[in-house]
Amino acid sequence: MNQVLPYIKELVSDTNQHVKSALASVIMGLSTILGKENTIEHLLPLFLAQLKDECPEVRLNIISNLDCVNEVIGIRQLSQSLLPAIVELAEDAKWRVRLAIIEYMPLLAGQLGVEFFDEKLNSLCMAWLVDHVYAIREAATNNLMKLVQKFGTEWAQNTIVPKVLVMADDPNYLHRMTTLFCINALSEACGQEITTKQMLPIVLKMAGDQVANVRFNVAKSLQKIGPILDNDALQVEVKPVLQKLGQDQDMDVKYFAQEAISVLALA
C-alpha cells in the first residue's frame, strides 16, 4: 500500500491524458484489494480528483466503474463522497459522459431509496428528457421506465407522469415527441388505469399537432399502448382518432395510422 499509493497519486495528475485515462479504467478495481477503510481514506480523494479531470475519457472511465467501489464501501458512503461531482457530470459538455451517468442512475436510485432520489436526483432525470442529443433523450426515457419498475406505479403517478405530460405543450416539437416516447416506455410499467386515465387523453390531444412528425408518432404510440387499454377505450376513443389520422395529408402519418388500425384490429 505505502509503496504503490505515491505512484498512483502521481499518475492521477500526469500530464499525458492517455496515462490518466488508462489509470481511470483500472483504479476503481483497487478498492476490492484495499478494502473499505483504505478505499475511503486513500482512494476516494483520487476518484474525486479524476471525476473533475479536464479529460472527458478520464471522467467517463471513473463513472463506468463505480460499481467496483459500491461493492466495497456501500452506496451511501459513495454517494456522500462523490454525489456532488456526479450531479455536476450530469450536465457535462461531453454527451457520452452524460450517457454514462444516466445508465448508472437506476442502480444509484435503487440503493439510495425514493426519498433521497426525489430530493437529489429527480430533477436531473427530467432535465435529460430535453437534452439536445437524441441518444441522451432516448436513454433518459428508458431510465424513467427502470425507475418506475424500482419505485412503483404510485410513485410514477404522483412524481413522474405529471411532469412528462406537461411536455406535451412544449413549444419545441422534439420535446413534444419525447412525451410520446416516454408514454410508450411508461405505459406497460404503469398499467392500464394510469395509461387510460392520464396518458391516453394527452396522446389523443396530440393527434391535432401541427407537426407531421408528432402526428405519426401519435399513431405509433396508440399502436404501442393499445394492447394495454380495454376494448371500450380502443373502440370509442382510439379508433376515431386513428381513422382521422388515416386520412391525413402527410403520407407518413397516413401509413402509421393505417398500420396501427391493422395491428390493433380496429378496421
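Just so you know, the working numbering puts 406 at position 78 of the sequence shown, and the rest follows in order with no gaps. Idealized CB from N, CA, C, for every residue including glycine. As the structure is a computational prediction, the values presented were derived from the model and not from experiment.
Relative to the C-alpha of V442, which residue among H460, N470, Q477, V458 is closest? Taking only the C-alpha atoms, the option nearest V442 is Q477.
Around the Cβ of I430, are there at least 16 other Cβ atoms within 10 angstroms (buried) or fewer (exposed)? buried
Using 7 Å as the threshold, is the C-beta distance between F509 and T481 below it? no
With respect to 6 Å, is the separation between the Cβ of L594 and the closest non-hydrogen atom of the ligand NAD below this value? This structure lacks the ligand NAD; in fact it carries no ligand of any kind.
The alpha helix (DSSP H) with Q571 in it runs from where to where? 567-573
Under 7 Å between C-beta atoms of A585 and L594: no
Can you list, in chain order, the residues of its chain with a C-beta nearer than 8 Å to that of V415? Leave out the 5 residues immediately preceding and following it. K448, L449, L452
Tell me the DSSP secondary structure of K422 in three-state form. coil
Output the boundary residues of the alpha helix (DSSP H) element that contains A535. Note, A535: premise wrong, no alpha helix (DSSP H); not H, not E.
Taking the alpha-carbon positions, what's the V354 to N344 distance? 16 Å
Roughly how many angstroms lie between the CA atoms of V492 and L372, to the nearest whole one? 36 Å
Compare the C-alpha of L570 against each of I556, I391, R465, L550 and name the closest. L550
Which listed residue (V347, L472, L358) has its alpha carbon closest to that of L333: Closest option to L333, Cα to Cα, is L358.
Distance check for I401 and E368, CA to CA, integer angstroms please. Rather than Glu, the amino acid found at residue 368 in this sequence is Ile. Computed Cα separation, rounded: 7 Å.
Is P499 helix, strand or coil when you go by DSSP? Here P499 sits in coil by DSSP.
On a CA-only basis, which of F375, L388, H346 is nearest K337? Give me that one, please. F375
Simplified DSSP assignment, three categories, for E338: helix
Label D537 either buried or exposed according to how many other C-beta atoms from any shown protein chain fall within 10 Å of its C-beta, with 16 as the threshold for buried. Around the C-beta of D537, 16 or more other C-beta atoms lie within 10 Å, and the residue is accordingly described as buried.
Reference A588; option with closest CA among Q575, A547, V581: A547
For chain C, check one thing: does any of its Cβ atoms lie closer than 7 Å to the Cβ of I361? Among the chains of the structure shown, chain C does not appear; only one protein chain is present.
From G438 to S409, what does the alpha carbon distance come to, in whole angstroms? 18 Å
Using the C-alpha atoms, what's the distance from Y583 back to D446? 41 Å
So C396 is in the alpha helix (DSSP H); what residue range does that whole segment cover? Where C396 is concerned, the enclosing alpha helix (DSSP H) stretches over 394-401.
Neighbour-count burial assignment, A463, 16 or more Cβ in a 10 Å radius: exposed
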